[in-house]
Structures are given as C-alpha cells and as structure tokens.
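Just so you know, the numbering used here puts the end of the sequence shown at 701, numbered straight through with nothing missing. The beta-carbon is built from N, C-alpha and C at its ideal position, and this holds for glycine as well. Keep in mind that this is a model prediction, so the values were computed, not measured. To start, the structure under review is shown below, and the notes come after it.
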Amino acid sequence: MTLVWGRAALRLALFCFAANLWAQSEEQARESQHARELMAAGKYEQAIPIYQKLVAGLPGNTGMVLNLALAEHMAGQDRESIPNFEIVLKAQPNLVPALVALAQARLALNEARAAIPPLEKAIAADPKNRDAHRMLAGALLDSGRFDQAAAQFRELSALWTDDPRAWYGLGMSYQGLAGSAFERLQKTDPASPFVAALVADTRVQRRQYRSAFFLYHEALKQLPNFHGIHAALAEVYRKTGHPEWAADEDAREAALPAADCRAHPAECEFLAGHDVPLTAPARTPAPSMEALFWQAKAANELALQSFFRLGQLPESVEMHRLKAEIARGQGRHMESVQEWRAALALAPENPRLKREMAVSLFMATDYRAALDEATTLLKMEPRSAELNFVAGDSLLRLEQPEPALPYLRAALASDPALLAADASLGLALSRLGRSAEAIPHLQKALELDEDGSLHYQLAGAYRAASQPEKARAMMAKYQEIVKRNQDQKDEVAREAQIGPPGK
Numbered sequence: 199m200t201l202v203w204g205r206a207a208l209r210l211a212l213f214c215f216a217a218n219l220w221a222q223s224e225e226q227a228r229e230s231q232h233a234r235e236l237m238a239a240g241k242y243e244q245a246i247p248i249y250q251k252l253v254a255g256l257p258g259n260t261g262m263v264l265n266l267a268l269a270e271h272m273a274g275q276d277r278e279s280i281p282n283f284e285i286v287l288k289a290q291p292n293l294v295p296a297l298v299a300l301a302q303a304r305l306a307l308n309e310a311r312a313a314i315p316p317l318e319k320a321i322a323a324d325p326k327n328r329d330a331h332r333m334l335a336g337a338l339l340d341s342g343r344f345d346q347a348a349a350q351f352r353e354l355s356a357l358w359t360d361d362p363r364a365w366y367g368l369g370m371s372y373q374g375l376a377g378s379a380f381e382r383l384q385k386t387d388p389a390s391p392f393v394a395a396l397v398a399d400t401r402v403q404r405r406q407y408r409s410a411f412f413l414y415h416e417a418l419k420q421l422p423n424f425h426g427i428h429a430a431l432a433e434v435y436r437k438t439g440h441p442e443w444a445a446d447e448d449a450r451e452a453a454l455p456a457a458d459c460r461a462h463p464a465e466c467e468f469l470a471g472h473d474v475p476l477t478a479p480a481r482t483p484a485p486s487m488e489a490l491f492w493q494a495k496a497a498n499e500l501a502l503q504s505f506f507r508l509g510q511l512p513e514s515v516e517m518h519r520l521k522a523e524i525a526r527g528q529g530r531h532m533e534s535v536q537e538w539r540a541a542l543a544l545a546p547e548n549p550r551l552k553r554e555m556a557v558s559l560f561m562a563t564d565y566r567a568a569l570d571e572a573t574t575l576l577k578m579e580p581r582s583a584e585l586n587f588v589a590g591d592s593l594l595r596l597e598q599p600e601p602a603l604p605y606l607r608a609a610l611a612s613d614p615a616l617l618a619a620d621a622s623l624g625l626a627l628s629r630l631g632r633s634a635e636a637i638p639h640l641q642k643a644l645e646l647d648e649d650g651s652l653h654y655q656l657a658g659a660y661r662a663a664s665q666p667e668k669a670r671a672m673m674a675k676y677q678e679i680v681k682r683n684q685d686q687k688d689e690v691a692r693e694a695q696i697g698p699p700g701k
C-alpha cells in the first residue's frame, strides 16, 4: 500500500465512524470509538474483531462494512477485505476511496487484471486522481497490456515530469512492447535475419560481443543493404578495440542507398524518429516481419529515452530497481543484490523489492540468504509460487531435499505451469529414493532442459524404478543433447571470431 492511500483510507475510516454514530447504541458507540483509536494508532489487526462485531450488530450498515474492509486491507488481510469492499461498492458504486482500496487489495494479491475495472471506474468518477492513474498504469503493465500502459505512463510523465515512477513505468511498458514484437517475429520464423539482428542487439547489451558479431553477419547474409547493421557492427568493433575496422563499417553504412519509403515505410518512420506511432497496435492482423522488427527497435529506443530521463532525476527506488534489473540481465547478480538493497533503504517495507532481492540472492547462488528472505516473506505471502520455489530450490541446493518438498509442492499448487518447480521437485524426490514419484515431474519439466541434465536425471529415475528400456532411451537423448550443444559451441567458436570487415 502506498503511504498516500494508507492515509486516505484511514481518513475515510474515521469519517465513516462519525457518519454512523446516529445508528449506534451507547455500547456500539464506545466500541466504534475504541476501533477508531486503534486505527489511528496503526493497530489495524486489533480493530478487525471490533468491526466484525459491529457489522454483525448493525446489519445493512455499509459504512461499518467499509471500516471493516479498510481495517482488513491495512492489516494485510487483503483476501478477506475484498468481499467486504464489494458489499460497499454494491451500495455505493462510485465511492472512489473504496474502489481504489479494492484495487490495492487485488494488486497486493498479484491479481493485476482484476484491479483494472475498479481503477477505471475510480478515474471515471475522479479524472484528476493521480494515484488512481498511476495504479491503473501499473496494473496494465503487470497484465501485459503494454500499449495501454504506455499511454497511461506517457500522460503521467507529461503531467509530472519529475516523477520517477512514471518514467520507470514508461520505460518498462516500452520494453514489454519490444518483447511482444520480438516474440511474434520468433514465432513466425525463428531463423529470420530480423530475429538474428534483434538477438545481436541484446548480446551487445550483455557485452557478448563475439556472439553479436556472428549474428549481425548472419543477418547481413540475407539483408546486405539493410540500414543499421553495419553501424551495429561498427559499435562491436569499437567495444572490442578495433577503431579502424569500426570506421570501415561506418563508411559502409553511410554508403547505403536511402531507404525506399514506399517499400519500407516502417524503416522510414523509425529513421525519422517517429517512434511512438511505430509502437501503436498494428492496423493489420498479420504485420510483416520487417514491420515487427522496426516496432521492436522503436520500442527499445523509447525505453532507452525513458530510462535516460529517469537517470537524470534525484536518487529513487526506481533508479536502483532499473540498475538491479540491468545487472540481473547481464548475469551480475551480486551487483543486482546491492541495487535491491539500495532500493530497500529508500522503501524498507516494499514487499516487491524484498521479493526481487530474494530472487537475485538465489541467482547469485547465495542459497542460505535467499532461503532466509523467502521464508520471511512467505509469512505474508504464503501462496506465492515464486517465493515457495526459491525456498524449496534453495533447500535442495543446500542438500536438504526433504524439507524442500512442501515448498515445491506449494509452488505447484499456486502455479501448476511452473515447470522449474516440477524439475526441482523431481530432483528432490529422486535424491530421497522416491523415483516413481519423481518421474512424472521430471517428464513434465523436460522442455526446460537445455543442457541435458534433466534427461540424465530422468534416466537415473527410470533405472531406479526398474524401467531399463526407458532409461536407455533417455540416456541416448541426453548424449544427443550434449553432442549437439558441443557442436554448436564449436561452430560458434569457429565462426564468431571478431575479424576485419568482409569484402
């Protein structure tokens, strides 16, 4: 809950107390006064049973139901508060503080989609409500509705140019749009030169220059006159200490003929700096591969501009959050942990920051610290699939498979599609000698297996379960994956040497 709306909710609770005095007996008035004092003191949990009693004694009194809902919400009992908010809103559909508090409860439960309708209704009733606009933008972002989120954050950043949350949200919305365009490209043709060029851009960001060099050259084979690739190769050369080769590639880029705007309208829009229109939803159900490429490029450019603006503002949670996410994306996980800690120094009670720090500790292989963070957070979010997975997998990696089981099962109960939890649960059961139980979980997780390790573990489980034919078949598959990966590494090593520009 934000501080702004925490105070607003409290003011509303006190107002409702005063507004309902006329309907109360002397004893109920005393209890209401006591509950009011508890709310004012921040003792929300202690106020809940008092309001429950008052609600039971004053049937139909929606003001008292609202007080109960607010007490539950502010005490972190969001699941319990939602039905009570809905009772209030049935009687008073446009009560803005109740609409916003209901949305906050949904967001606290990671139910972003369910938070959108009450926020839209709140904004319709109070168009100037900055907090409702910000929450709606965040809910749209968390729901994957990136174009709508970007529109909301654009409006917020224009109205409040010094708000780091608006610039961070705008940048993340554009990143989401870029990712969506890339996914559509990859699904259409994973071997496309447009895919290769975008992946190469990502490799440059991760400082994987040899891989980027190889992929840019793969794209050039099919798109020899495509604008931007020679310039990207020049940047790779500069990053790797070859300024003379960079100058050669810059010259090749400059020598390319101007783009044919009839044949390549999206490219011309990008070169003209018309990035926002390029990121708008496609007018046709099946945009071309080239249009998707330029949409991704434009969205990435807008994200960079937003993050640059964020970096110009004073220190903020959002700035540290962005740095943490960049470090995570580049595999610098301890640096990511440090940035999450810096963010928490500014917002020590923010549960999302704590959750992200637990994840970064896990990715940094500090499993004991990750376990401690996750188990602490699980007291407040016992149904969190992510936190249960971090706790369970950390225990497994700390050679404690037995206590890992309940966490991993809880993760799958909350998110049956979390294949990583299936993999960990299968491994834990295998180590405990419960191969028959492990097999279905390992089978389900095989699609995650990039290095063959899960196939190897499943082969062992088949052997232990007296299924030798399946064990042999799985071991053969494991060996095939290992060989294929080694062949690919050898090929990249041969072809990805950074050499001079080709003729």
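query: In three-state terms, what does DSSP make of L476?; result: helix
query: Examine the Cβ distances between the region 482-490 and the region 334-351 and report whether three or more of them are shorter than 8 angstroms.; result: no
query: Are the C-beta of M262 and some C-beta of chain C separated by less than 8 angstroms?; result: Absent from the structure is chain C; it holds one protein chain and no more.
query: Do the region 578-595 and the region 613-620 make contact, defined as three or more Cβ pairs closer than 8 angstroms?; result: yes
query: Helix or strand or just coil, what does DSSP make of T563?; result: coil
query: With a CB to CB cut of under 7 angstroms and the five nearest residues on each side skipped, what residues in its chain are close to A312?; result: R304
query: Buried or exposed: where does E235 fall if 16 or more other Cβ atoms within 10 Å of its Cβ makes it buried?; result: exposed
query: So, Q250 versus L266, is the Cβ gap smaller than 8 angstroms?; result: yes
query: If we ignore side chains and look at the alpha-carbon of each, how far apart do L627 and P599 end up?; result: 7 angstroms
query: Counting pairs of Cβ atoms below 8 angstroms between the region 418-434 and the region 446-455, do you hit three or more?; result: yes
query: DSSP on R530, reduced to helix/strand/coil?; result: coil
query: For E597 and L569, I'd like the C-alpha separation in whole angstroms.; result: 13 angstroms
query: Is it right to say M672 is buried, meaning 16 or more other beta carbons lie within 10 angstroms of its own, or is it exposed?; result: buried
query: Using only alpha-carbon positions, find the residue among A320, Q406, A398, V515 that is nearest to L413.; result: A398
query: Spell out a yes or no on whether the region 386-395 and the region 361-373 are touching, meaning 3 or more CB-CB pairs, one atom from each, closer than 8 angstroms.; result: no
query: Give the C-beta separation of T438 and I679 to the nearest angstrom, bearing in mind that I take them to be a contact with Cβ-Cβ under 8 angstroms.; result: No, T438 and I679 are not in contact; Cβ-Cβ is about 31 angstroms, not under 8 angstroms.
query: Quick one: give me the first and last residue of the alpha helix (DSSP H) that P601 is part of.; result: 599-612
query: Can you check which of these residues, A376, L293, N683, is closest to L502 by C-alpha distance?; result: A376
query: Per DSSP, what kind of secondary structure is S355 in: helix, strand or coil?; result: helix
query: Looking at A643: is its Cβ nearer than 8 angstroms to the Cβ of L652?; result: yes
query: Quick one: give me the first and last residue of the alpha helix (DSSP H) that K241 is part of.; result: Run containing K241: none; DSSP gives neither H nor E here.
query: Check for me: the alpha helix (DSSP H) holding D387 runs from which residue to which?; result: First-last for D387: undefined, no H or E at that position.
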